[in-house]
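**Student:** Residue numbers (this note's numbering), protein chains in the order written: chain A, 147 to 437; chain B, 147 to 437.
For glycine and all other residues, C-beta sits at the position ideal for the given N, C-alpha and C.
Please see the structure below; I have some questions.
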């Protein structure tokens with residue numbers, strides 16, 4: 147689907163799609179990745195028997211937003227990363243100007259896809275999808291979380307000293323930077339499935355919890371990948387003096403907490419019975435993955 | 147309206163709005179500018195008696211997209227400008243990371259505003275606004291135009307030699323980079339006003355023509371105005387060896403063509419009679435402004 151949405155042919159209202167830009171956009175989002183957000187969206191919609199292309203298109207839109215955020219976060223002025231998914235980052239494979247514009251174009255195309263009648267027959271659902279995606283990824287969600295993250299790393303403090311954040315502030319930062327988009331992908335699936343209010347509430351909580359689990363698992367991986375590697379004493383977070391819950395509470399405590407969060411997330415799927423088996427597995431995969 | 151949309155309080159689905167980001171976003175869009183796109187949108191909606199806050203909100207969304215594009219275009223990796231509207235650009239007043247994120251957040255918030263029920267009671271209209279805004283500003287519109295523009299300046303040619311573009315290619319580049327968003331702001335006003343197909347077609351052509359006039363006027367100003375009058379650096383096109391229609395055909399020929407385009411645009415407003423007096427004036431202002 148991502149591949150099809152990034153074709154040469156221009157849509158109504160577009161004039162032409164410049165080849166260089168299109169190629170770099172494809173490089174950014176077609177090079178692997180877990181495709182977690184589309185997966186969650188499609189499986190949530192499937193709970194309600196919504197099996198059409200709408201969920202696949204909406205999932206692709208979430209993947210575009212996720213992909214754009216990685217391209218911009220990798221820029222030299224941000225996290226300055228040269229590698230992503232084992233390949234040069236977009237600004238290394240192309241250049242910085244291209245990377246900035248690739249991000250801008252992916253973000254814009256995501257909203258295009260959501261608002262397109264091909265995604266859902268109901269304009270109410272389409273506008274709802276746009277609104278949820280925007281709230282989860284904008285200044286009060288993902289982008290705001292990246293600002294809090296740079297601030298926490300000491301970007302704007304004298305001598306660049308990292309901030310000593312409370313557990314509450316770390317959780318808020320992570321909920322914004324990664325949790326909100328994961329939760330929104332579940333909610334978007336529920337929206338496409340015409341979930342009722344109680345179902346939406348249960349799935350929304352499930353989404354928030356697995357978003358939290360995702361980040362704790364990420365922080366644990368950062369610590370443990372480094373202990374396995376004999377040459378390096380610490381992972382990236384510790385090297386940057388970055389405040390994480392794992393750093394604050396320790397590995398064992400967070401392993402226990404992670405298991406509890408997964409149990410709670412799975413509980414919310416109770417009303418859906420066996421139909422939710424894949425989402426149950428997804429919660430476990432997110433928490434206990436090894437990459 | 148822009149001011150109100152950039153308030154401290156977070157909306158449903160947002161977690162919090164980081165102060166630093168919000169301040170920089172306000173710096174980016176509240177520091178003057180002609181507010182051309184909101185003006186066109188509001189006046190077009192008014193043709194149909196649509197006087198509510200919907201057009202004002204949608205106009206603010208267009209201004210956010212315009213503002214984000216300036217913030218990103220000014221970055222060192224893009225056009226590398228230090229001044230905008232007589233003040234330091236966002237990456238000079240703050241830093242590059244903040245400027246990248248300000249742009250991302252403004253773009254996202256624009257789609258949020260369009261999809262919000264407060265903008266229009268009809269979800270069809272809201273989804274239509276999102277779609278038009280996205281098509282005009284994405285890879286087949288504004289962002290794509292910026293890619294073509296950097297390419298034309300020789301960004302990706304050996305020795306950085308500017309491309310010798312045909313008049314047709316220059317016009318396409320300009321239609322994408324600036325024309326599409328101006329035309330879309332007129333179309334958005336027509337959408338909010340529930341314009342019929344014939345009215346939409348006439349206004350869409352009007353929008354395309356004044357978009358073209360805007361760019362020719364800009365190129366003429368770059369040749370003729372001083373930095374002081376224009377509020378930004380002038381003479382830049384020639385210095386960069388940039389291909390413009392003014393460079394290709396000369397000032398006199400383009401002055402004549404500009405007047406003809408304005409006449410044609412005004413013609414399209416004929417069916418609206420005296421109600422369109424403000425849009426007639428707008429076409430003249432755009433073509434014959436001095437900054």
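Can you tell me whether residue 367/A is helix, strand or coil according to DSSP?
**Tutor:** helix
**Student:** Compute the beta-carbon to beta-carbon distance between residue 278/A and residue 189/A, rounded to the nearest angstrom, for a pair I have assumed lies under 8 Å.
**Tutor:** About 17 Å; that fails the 8 Å criterion.
**Student:** Provide the residue span of the alpha helix (DSSP H) that contains residue 283/A, from first to last.
**Tutor:** For residue 283/A, the enclosing alpha helix (DSSP H) covers residues 269-283.
**Student:** With DSSP run on the structure shown, which of helix, strand or coil describes residue 184/B?
**Tutor:** Under the three-state reduction of DSSP, residue 184/B is assigned to helix.
**Student:** Name the chain B residues that come within less than 7 Å of residue 258/A, Cβ to Cβ?
**Tutor:** 277, 280, 281, 284
**Student:** For the region 163-194 of chain A, list every residue whose C-beta sits within 8 Å of some C-beta in chain B, in sequence order.
**Tutor:** Listed by position along the chain: 163, 164, 166, 167, 168, 171.
**Student:** State yes or no: is the C-beta of residue 245/A within less than 8 Å of the C-beta of residue 289/A?
**Tutor:** no
**Student:** What are the boundary residues of the alpha helix (DSSP H) that residue 215/B is part of?
**Tutor:** 199-219
**Student:** Where do the ends of the alpha helix (DSSP H) carrying residue 266/B lie?
**Tutor:** Here residue 266/B belongs to no alpha helix (DSSP H), and DSSP marks it neither H nor E.
**Student:** Taking just the CA atoms, how far does residue 410/A sit from residue 401/A?
**Tutor:** 14 Å
**Student:** Residue 400/A versus chain C: which residues are under 8 Å apart at the beta carbon?
**Tutor:** As a matter of chain content, chain C is missing from the structure shown, whose protein chains are A and B.
**Student:** Would residue 194/A pass as a contact of residue 291/A if the rule is Cβ separation under 8 Å?
**Tutor:** In terms of Cβ geometry, residue 194/A and residue 291/A do not form a close pair [threshold 8 Å].
**Student:** Report yes if the C-beta distance between residue 326/B and residue 282/B is below 8 Å; otherwise report no.
**Tutor:** yes
**Student:** On the premise that residue 176/B lies in contact with residue 148/B, defined as a C-beta separation below 8 Å, what is that separation, rounded to the nearest angstrom?
**Tutor:** 6 Å
**Student:** Three-state secondary structure (DSSP) at residue 377/A?
**Tutor:** Bear in mind that a pLDDT of 38 at residue 377/A, under 50, signals an unreliable position, so the number given afterwards is only what the model happens to contain. Looking at residue 377/A - three-state DSSP - the assignment turns out to be coil, as it is neither helix nor strand.
**Student:** With which residues is residue 234/A paired in a DSSP beta bridge?
**Tutor:** 229/A
**Student:** Cβ of residue 386/B within 8 Å of Cβ of residue 305/B?
**Tutor:** no
**Student:** Comparing the C-beta of residue 224/B with each C-beta of chain A, is any distance below 8 Å?
**Tutor:** A Cβ of chain A is located within less than 8 Å of the beta carbon of residue 224/B.
**Student:** DSSP on residue 388/B, reduced to helix/strand/coil?
**Tutor:** coil
**Student:** Figure out for me which residue from 369/A, 165/A, 286/A has the closest Cα to the Cα of residue 323/A.
**Tutor:** 286/A
**Student:** When the distance is taken between beta carbons, is residue 182/A closer than 8 Å to residue 274/A?
**Tutor:** No. Outside cutoff.
**Student:** Hey, out of 353/A, 389/A, 393/A, whose CA is closest to residue 370/A's CA?
**Tutor:** Comparing Cα-Cα distances from residue 370/A to each of 353/A, 389/A, 393/A, the minimum goes to 393/A.
**Student:** On the DSSP letters alone, give me the boundaries of the alpha helix (DSSP H) that residue 402/B sits inside.
**Tutor:** Residue 402/B -> alpha helix (DSSP H) spans 397-414.
**Student:** Return the residues of the region 294-307 of chain A that lie within a Cβ-Cβ distance of less than 9 Å from chain B, sorted by chain order.
**Tutor:** 294, 296, 297, 301, 302
**Student:** Return the first residue and the last residue of the alpha helix (DSSP H) that residue 260/A is part of.
**Tutor:** 242-261
**Student:** Which one of 420/A, 233/A, 365/A has the shortest CA to CA distance from residue 399/A?
**Tutor:** The residue with the shortest Cα to Cα distance from residue 399/A is 365/A.
**Student:** Along chain B, in chain order, which residues have C-beta atoms closer than 9 Å to that of residue 312/A?
**Tutor:** Result: empty, since nearest Cβ-Cβ is about 14 Å, beyond 9 Å.
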